[in-house]
Amino acid sequence: MSQAQLSDGNLWLHFTRTSDFVTEHPTVPVLVGGEGVYVEDATGKRYLDGLSALFCAQLGYGRQELIDAATEQLARLPFATNWAWAHQPAIDLAHALAERFPGDIDHFFFVNSGSEAVESAMKLAMQYHQLRGEHRFKFISRNYAYHGTTFGALGMTGLAGLRQMFEPLRPGHFHVPNTNEYRCSASRACPPCDLACARSIEQVVMAEGPETIAAVFVEPVQNAGGCFTPPEGYLDEVRRICDEHGILMVSDEVICAFGRLGTWTGAERYGYLPDIITFAKGVTAAYQPLGGLGFRSHIAELLGQDRTSMYLHGSTWGGHPVAAAVALANIEVFEKDGVLDNVNANGPWFGEQLWGLHAKHDIVGDVRGTGYFWALELVKDRDNKVGFDDDETERLLRGFLSTRLLELGLICRADDRDEPVIQLSPPLVATREELGQIVTILDQVLGEATVEMQR
Ligand SMILES: Cc1ncc(COP(=O)(O)O)c(C=O)c1O
22 MSQAQLSDGN LWLHFTRTSD FVTEHPTVPV LVGGEGVYVE DATGKRYLDG LSALFCAQLG
82 YGRQELIDAA TEQLARLPFA TNWAWAHQPA IDLAHALAER FPGDIDHFFF VNSGSEAVES
142 AMKLAMQYHQ LRGEHRFKFI SRNYAYHGTT FGALGMTGLA GLRQMFEPLR PGHFHVPNTN
202 EYRCSASRAC PPCDLACARS IEQVVMAEGP ETIAAVFVEP VQNAGGCFTP PEGYLDEVRR
262 ICDEHGILMV SDEVICAFGR LGTWTGAERY GYLPDIITFA KGVTAAYQPL GGLGFRSHIA
322 ELLGQDRTSM YLHGSTWGGH PVAAAVALAN IEVFEKDGVL DNVNANGPWF GEQLWGLHAK
382 HDIVGDVRGT GYFWALELVK DRDNKVGFDD DETERLLRGF LSTRLLELGL ICRADDRDEP
442 VIQLSPPLVA TREELGQIVT ILDQVLGEAT VEMQR
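Heads up: the sequence shown begins at 22 in the working numbering, then just goes up one per residue.
Dropping the structure here:
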């Protein structure tokens with residue numbers, strides 16, 4: 022499809038302003054190819070993919086091992102379900118994940134996307150409690166967290182702007198402060214963090230009645246709002262609250278698992294053991310759609326307690342053999358090429374370079390993140406932490422940054438779901454030199470943005 026064909030409106034894009042593509046001159050690039058960390062559009066322009074497409078292209082583009090795995094599986098058995106049947110790629114993948122996920126998260130159920138993984142975790146949590154004789158149907162997640170778009174996952178999503186159009190949603194969703202230490206909404210004492218953000222979870226639990234709460238969902242590092250890392254002790258405190266009140270802890274790792282933070286899972290990175298981990302995106306390095314959840318033995322035991330019990334959930338494509346074969350090849354490449362080592366060797370250096378941009382440009386209020394997952398929060402007045410108003414944000418993000426970054430050949434995300442942030446999530450195979458190219462472009466753009474916003 023060319024730019025001209027895009028403008029006819031046959032293809033409708035996700036979360037994209039219609040005026041950006043159904044118009045005589047669409048601003049949305051049409052991608053035609055990719056190699057390494059670069060992609061190319063229909064006009065021949067090359068971009069460094071500093072976002073791994075959408076936090077998912079862990080190995081970049083053109084990896085022959087994954088292409089071969091898909092091709093071989095298509096020839097051998099192009100399709101089989103996990104619905105009363107099994108196939109070898111899904112069995113092998115579940116086994117490989119059990120070896121790499123923490124503790125007794127040894128049981129895996131595959132779906133097709135992150136939203137479906139979240140839906141599946143919600144249903145698993147509700148069924149688990151039912152089997153224990155409790156009707157728990159309420160869920161707690163955090164403000165601004167993005168957990169997906171289907172109706173259950175949307176309720177979990179803490180972005181009012183995405184939910185309101187579709188309300189009322191299923192009842193029983195509660196949103197609590199996230200771990201934004203730069204602009205803490207939970208405690209006047211922060212910093213240093215006094216874990217008021219974690220205590221707010223317990224307050225909701227007590228107000229609603231612990232016997233009604235099925236699960237608490239957290240991302241190890243929260244994406245929406247800009248890479249909020251957990252304060253020291255936060256995740257342990259969430260674990261304690263869940264344990265004390267019989268609540269399941271779900272680690273939504275649709276972004277954080279598969280190396281984004283330098284480990285197989287975010288739970289491993291921060292040393293906690295949730296009851297369920299949801300994943301998608303990086304599991305196949307985005308070469309095939311696949312999502313899923315891993316869960317602990319106490320849940321598995323309950324679901325298998327008698328001859329007739331089962332997890333009441335399923336989908337036709339879940340655990341598609343081609344996707345599962347690609348995921349296995351992805352894991353092999355991770356190990357053969359030392360992908361986690363690459364993230365751990367270069368991630369801290371990347372963070373230092375971004376802090377260097379903070380030192381140089383007053384428009385950068387905060388730098389947050391870890392591994393290959395970072396955000397810069399942009400502010401109007403750094404000394405007083407004053408952000409841009411709505412009109413200024415529109416001018417900064419849509420009027421300037423989004424276009425200018427693409428002109429200079431860098432794909433990253435300029436977003437304002439909370440305060441305006443630039444988000445970076447490069448392929449995990451990016452070298453120091455390629456990360457340096459990202460920093461050089463950002464340096465130029467931040468200088469220009471400062472001038473632009475002073476007009
Ligand atoms: C933490 C988290 N959960 C769930 C989702 C939804 O995933 P999908 O877009 O594959 O439905 C996302 C998507 O970005 C996510 O970041």
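Ideal Cβ positions, reconstructed from N, Cα and C, are used throughout, including at glycine.
Where residue 292 falls: helix, strand or coil (DSSP) | As a working note, residue 292 is residue 271 in the sequence shown. The answer is coil: DSSP assigns residue 292 none of H, G, I, E or B.
Between residue 213 and residue 74, what straight-line distance do the alpha-carbon atoms span, to the nearest angstrom?
-> As a working note, residue 213 is residue 192 in the sequence shown. As a working note, residue 74 is residue 53 in the sequence shown. Spanning the two alpha carbons is a distance of roughly 35 Å.
Among 168, 244, 281 and 78, which residue has its Cα nearest to the Cα of residue 201?
-> Residue 201 sits at position 180 when you count from the first residue of the sequence shown. Nearest of 168, 244, 281 and 78 to residue 201, Cα basis: 244.
Where residue 219 sits in the DSSP three-state scheme = Within the sequence shown, residue 219 is the residue found at index 198, counting from 1. It is helical.
Beta-carbon proximity list for residue 174, same chain, < 6 Å, skipping 5 on both sides | By one-based count along the sequence shown, residue 174 stands at place 153. Closer than 6 Å at Cβ, skipping near neighbours: 136, 139, 140 and 168.
Check: residue 140 C-beta below 7 Å from any heavy atom of ligand 1 | Along the sequence shown, read from residue 1 onward, the residue named residue 140 stands at position 119. Every heavy atom of ligand 1 is 7 Å or more from the Cβ of residue 140, so no.
Short check: CB of residue 237 to CB of residue 186, under 8 Å?
-> In the sequence shown, counting from the first residue as 1, residue 237 sits at position 216. In the sequence shown, counting from the first residue as 1, residue 186 sits at position 165. No, Cβ-Cβ distance for residue 237 and residue 186 is not below 8 Å.
Hey, quick one: how far does the beta strand (DSSP E) through residue 395 stretch, first residue to last?
-> Along the sequence shown, read from residue 1 onward, the residue named residue 395 stands at position 374. It spans 394-399 - the beta strand (DSSP E) in which residue 395 sits, taken as one unbroken run.
Could you tell me whether any non-hydrogen atom of ligand 1 is closer than 7 Å to the CB of residue 168?
-> Numbered from 1 along the sequence shown, position 147 holds the residue referred to as residue 168. Yes, the Cβ of residue 168 comes within 7 Å of a heavy atom of ligand 1.
When you compare only the Cα positions, how much space is there between residue 418 and residue 80?
-> Your numbering for residue 418 matches position 397 in the sequence shown. Your numbering for residue 80 matches position 59 in the sequence shown. Whole-angstrom Cα-Cα distance: 28 Å.
Report yes if the C-beta of residue 322 is less than 7 Å from at least one heavy atom of ligand 1; otherwise report no.
-> Within the sequence shown, residue 322 is the residue found at index 301, counting from 1. Answer for residue 322: no, Cβ out of range of ligand 1.
Check: residue 78 C-beta below 7 Å from any heavy atom of ligand 1 = Within the sequence shown, the letter at position 57 stands for residue 78. Checking the Cβ of residue 78 against ligand 1 gives no.
In chain order, which continuous runs of the beta strand (DSSP E) of length 3 or greater are located wholly inside the segment 265-312?
-> 269-273 and 297-300
State buried or exposed for residue 337, treating a residue as buried only when at least 16 other CB atoms are found within 10 Å of its CB.
-> Mapped onto the sequence shown, residue 337 falls at position 316. Residue 337 comes out exposed.
Compare the Cα-Cα distances from residue 71 to each of 455, 284 and 339 and report the closest residue.
-> To locate residue 71, count along the sequence shown from 1; it is residue 50. Residue 71 has its Cα closest to that of 455, out of 455, 284 and 339.
Residue 156: buried (16+ other C-beta within 10 angstroms of its C-beta) or exposed?
-> Mapped onto the sequence shown, residue 156 falls at position 135. The residue is exposed, with fewer than 16 neighbouring Cβ atoms inside 10 Å.
Mind checking whether residue 47 and residue 32 have CB atoms under 8 Å apart?
-> As a working mapping, residue 47 is identified with position 26 in the sequence shown. As a working mapping, residue 32 is identified with position 11 in the sequence shown. No. Outside cutoff.
Starting from the Cα of residue 82, find the closest Cα among 306, 127, 425 and 159 and give me that residue.
-> Counted from its first residue, the sequence shown places residue 82 at position 61. When each option's Cα is compared against that of residue 82, the closest is 306.
From residue 215 to residue 249, what does the alpha carbon distance come to, in whole angstroms?
-> Against the sequence shown, residue 215 aligns to sequence position 194. Against the sequence shown, residue 249 aligns to sequence position 228. C-alpha separation (whole angstroms): 16 Å.
Under 8 Å between the Cβ atoms of residue 2 and residue 247?
-> As shown, the chain starts at 22 and ends at 476. That puts residue 2 outside it, with no answer to give.
Going by CA-CA distance only, name the one from 420, 295, 334 and 466 that's closest to residue 378.
-> Taking the first residue of the sequence shown as 1, we reach residue 378 at position 357. Of the listed residues, the one whose Cα sits closest to residue 378 is 466.
Three-way DSSP call (helix, strand, coil) for residue 226 in this model | As a position in the sequence shown, residue 226 is number 205, starting the count at 1. Helix, per DSSP.
Flag this pair as touching only if the segment 118-138 and the segment 276-294 have three or more C-beta atom pairs under 8 Å; answer yes or no.
-> yes
Output the boundary residues of the beta strand (DSSP E) element that contains residue 355.
-> As a working mapping, residue 355 is identified with position 334 in the sequence shown. It is not in any beta strand (DSSP E) - residue 355 instead sits in the alpha helix (DSSP H) that spans 342-358.
How would you label residue 302, buried or exposed, when you count the other beta carbons within 10 angstroms and need 16 or more for buried?
-> The count along the sequence shown starts at 1 and reaches residue 302 at position 281. The residue in question, residue 302, is buried, as its Cβ has 16 or more Cβ neighbours within 10 Å.
Quick one: grab the DSSP three-state call for residue 191.
-> What you label residue 191 is simply residue 170 of the sequence shown in a count that begins at 1. In the structure shown, residue 191 sits in coil (DSSP, three-state: anything other than H, G, I, E or B).
Which stretch, first to last residue, makes up the beta strand (DSSP E) that contains residue 163?
-> As a position in the sequence shown, residue 163 is number 142, starting the count at 1. Residues 159-163.
Compute the Euclidean distance between the alpha carbons of residue 448 and residue 420, then round it to the nearest angstrom.
-> Locating residue 448 in the sequence shown gives position 427, counting from the first residue. Locating residue 420 in the sequence shown gives position 399, counting from the first residue. So the two alpha carbons sit approximately 27 Å from each other.
Please confirm whether any heavy atom of ligand 1 lies closer than 7 Å to the CB of residue 436.
-> The residue given as residue 436 occupies position 415 in the sequence shown. No, since every heavy atom of ligand 1 falls outside the 7 Å radius drawn around the Cβ of residue 436.
Nearest residue (CA-CA) to residue 387, options 203, 413 and 427 = Against the sequence shown, residue 387 aligns to sequence position 366. If we check each option's Cα against that of residue 387, 203 comes out closest.
What span of residues does the alpha helix (DSSP H) with residue 149 cover, start to end?
-> The residue labelled residue 149 in the question sits at position 128 within the sequence shown. 135-152 is the span of the alpha helix (DSSP H), which, as asked, contains residue 149.
Which whole runs of the alpha helix (DSSP H) in the segment 358-429 are 4 residues long or more, in chain order?
-> 360-381, 411-415 and 423-428
Please say whether residue 91 and residue 345 have beta carbons closer to each other than 8 Å?
-> Within the sequence shown, numbered from 1, the residue matching residue 345 stands at position 324. Within the sequence shown, numbered from 1, the residue matching residue 91 stands at position 70. Cβ atoms of residue 345 and residue 91: not closer than 8 Å.
Helix, strand or coil: how does DSSP classify residue 239 here?
-> Taking the first residue of the sequence shown as 1, we reach residue 239 at position 218. The answer is strand: DSSP assigns residue 239 an E or B state.
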